Amino acid sequence: MDVTESMENLIEGSTEDLNDIYVSSNPLDRPLSSIEKTFLLHAERGDCATITSIIDEYRNNPNEFDINCVDPLNRSALIAAIENENIELIKLLLEEKFKLRNQDGLLYAIKEEYVEAVELLLNWEEEHHLPGELYSWEIVDRSSASFTSDITPLILAAHKNNYEIIKLLLDRGATLPMPHDVRCGCDECVKSSRTDSLRHSQARINAYKALSSPSLISLSSNDPLLTAFELSWDLRRLSRMESEFRADYNNMRSQVETFATSLLDHARTSYELEIMLNYDPEGETWVVGERQTLERLKLAIKYKQKAFIAHPNVQQLLASIWYEGLPGFRRKKYNWPRFSDSST
Ligand SMILES: [Zn+2]
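Under this note's numbering, the first residue of the sequence shown is numbered 7, with each subsequent residue one higher.
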């Protein structure tokens with residue numbers, strides 16, 4: 007039995023069964039009516055024609071039909087359409103002015119990495135959001151929410167490392183997560199830690215997991231190499247301070263270090279590599295013929311970026327600087343003594 011089939015069975019199941027397991031998030035707080043069951047079933051099947059006719063017929067009958075009704079798996083018609091990647095149905099539901107509550111639809115679309123739906127839902131949010139009010143994903147009832155309150159669209163997109171969605175969100179003004187220091191004693195941190203210390207630690211992990219996304223670093227940082235080095239250093243410190251979550255922080259650190267090292271693969275010529283390694287944001291731009299200061303390499307040593315320093319391109323450059331006064335050193339042949347020769 008696949009998921010869809012099991013879901014259809016759940017929807018079609020007897021009302022008595024549904025009463026037992028149904029947790030309502032709609033204001034009417036009642037079990038699904040038969041028309042709502044039919045509605046959800048057709049939403050799951052992607053039958054736009056039936057959905058339109060149900061909406062038209064029951065538009066003025068709120069006691070029997072709520073467009074935001076949810077199935078026993080707590081999925082509304084909109085969520086089913088997003089999960090099944092049915093863009094026609096999503097458009098139909100979003101264009102419907104009939105009290106649609108989007109709720110965490112945007113987060114579901116990001117989780118599914120469904121770019122087209124993310125764009126549609128962002129447009130819907132822009133049209134319906136009133137200044138000073140919470141966004142639709144922030145007003146979800148926490149007891150039935152699928153995502154914790156610290157998960158914002160940008161954090162989730164960064165967890166998925168989806169370049170396109172991260173760009174969409176940053177272009178619309180999404181802000182980066184700013185986790186407080188692990189020793190921070192501000193009111194917010196003290197309160198959050200006292201209320202739920204596990205949630206407090208996990209929120210920090212979620213924020214750092216987002217900041218470690220290579221796509222997010224590339225899109226948001228003016229100096230991705232420096233950002234990656236500094237982040238790797240922070241993660242190293244955190245892995246020691248929050249030792250219970252050491253494995254999580256170490257995984258993030260290796261992801262960030264791999265990203266910084268992989269930037270070296272993009273250097274196609276010695277000149278490009280030299281420009282990259284001699285870059286000094288505070289000094290003057292390095293030009294060919296000047297003494298190489300290798301500021302970036304010094305920075306890598308400071309932040310203990312072993313993989314970066316050991317990269318073959320860096321080692322090749324170092325060797326060529328070392329043998330600068332010995333032209334053609336690579337063509338020189340050196341006959342290593344062979345032990346077998348001495349025995350004869
Ligand atoms: Zn704080």
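Just so it is clear, CB atoms sit at the ideal spot from N, CA and C, and this is done for glycine as well.
Here the structure is a predicted model, which is why all the values come from computation and not from measurement.
- Query: Taking three-plus beta-carbon pairs below 8 Å as touching, is the region 90-98 in contact with the region 64-77?
  - Reply: Counting Cβ pairs under 8 Å, fewer than three are found: no touch.
- Message: DSSP three-state label for K215, please.
- Response: helix
- Which two residues bound the contiguous alpha helix (DSSP H) that contains N257? R252 to L270
- Query: Who are the Cβ neighbours of E330 in its own chain at under 7 Å, not counting the five residues just before and after it?
  - Reply: none
- Message: Given 7 Å as the limit, tell me if E236 has its C-beta closer than that to any heavy atom belonging to ligand 1.
- Response: no
- Task: Give the range of the alpha helix (DSSP H) segment to which L175 is assigned.
- Result: Per DSSP, L175 belongs to the alpha helix (DSSP H) from Y169 to D177.
- Separation of L100 from E70, as counted between CA atoms: 21 Å
- Query: What do you reckon, is the C-beta of C75 under 7 Å from a heavy atom of ligand 1?
  - Reply: no
- Task: Evaluate T201 with the Cβ neighbour count: other Cβ atoms within 10 Å of its Cβ, from every protein chain shown; 16 or more gives buried, anything less gives exposed.
- Result: exposed
- Helix, strand or coil for K166, going by three-state DSSP, please let me know. coil
- Please confirm whether any heavy atom of ligand 1 lies closer than 7 Å to the CB of E248. no
- Does the beta-carbon of H272 have 16 or more other beta-carbons within 10 angstroms, so that it is buried, or is it exposed? exposed
- Query: Taking the runs of the alpha helix (DSSP H) that are 4 residues or longer, which of them lie wholly in the region 30-74?
  - Reply: Taking only runs of at least 4 residues, the alpha helix (DSSP H) segments lying wholly in the region 30-74 are 40-51 and 54-64.
- Can you say whether E194 is buried or exposed, counting buried as having 16 or more other CB atoms within 10 angstroms of its CB? exposed
- Message: Only counting the same chain, and skipping five residues up and downstream in sequence, which positions put a Cβ closer than 6 Å to that of L270?
- Response: H317 and N319
- Item | Alpha carbon of T275 to alpha carbon of L300, nearest angstrom | 16 Å
- Query: Going by the beta-carbon positions, is the gap between I383 and A216 smaller than 8 Å?
  - Reply: Because the chain is modelled from 7 through 350, residue 383 falls outside the range shown and cannot be assessed.
- Report all residues from its chain with a CB closer than 6 Å to the CB of L140; omit the five preceding and five following residues, and keep chain order. Residues of the same chain with their beta carbon placed closer than 6 Å to that of L140 are lacking, with the five preceding and five following residues left out of the count.
- Cβ-heavy atom distance between H206 and ligand 1 below 7 Å? no
- Item | Nearest-residue set for ligand 1, Cβ under 6 Å from any heavy atom | Taking each Cβ in turn, the ones that pass are H186, C190, C192, E194 and C195.
- Three-state class that DSSP yields for K310 in the structure shown: coil
- Per-residue DSSP class, three states only, for Y285: coil
- Identity of the residue in V262, S59 and P183 nearest R210 by Cα: P183
- Through-space distance from Y255 to H134, alpha-carbon basis: 38 Å
- Message: Helix, strand or coil for G111? Go by DSSP, reduced to three states.
- Response: helix
- Spatially closest choice to P185 from E170, S218, N74 and A83, by CA coordinates: S218
- Message: Taking a contact to mean a Cβ-Cβ separation below 8 Å, would you say L225 touches P159 in this structure?
- Response: Pairing L225 with P159 gives a Cβ-Cβ distance that is not under 8 Å.
- Cβ-based neighbour list, F314, same chain, cut-off 6 Å, excluding 5 preceding and 5 following: A266, T267 and A306
- Message: Quick check on T299: does DSSP put it in helix, strand or coil?
- Response: Three-state result, T299: coil.
- Query: Helix, strand or coil: how does DSSP classify E290 here?
  - Reply: coil
- Query: Do you know how far the Cα of E263 is from the Cα of A326?
  - Reply: Looking at the sequence provided, one finds Ser at residue 326 rather than Ala. Cα to Cα, the separation comes out at about 25 Å.
- Rounded to whole angstroms, how far is the Cβ of K54 from the Cβ of L95, which I believe are closer than 8 Å? Reading the sequence as shown, one finds Cys at residue 54 and not Lys. Indeed they touch by this definition, with Cβ atoms about 5 Å apart.
- Item | Residues near F45 by beta carbon distance below 6 Å, same chain, minus five either side | Closer than 6 Å at the Cβ level, and outside the excluded window around F45, lie I60.
- My understanding is that N257 touches S221, with C-beta atoms under 8 Å, so please give their C-beta distance in whole angstroms. Incorrect: roughly 17 Å between the Cβ atoms, too far for contact.
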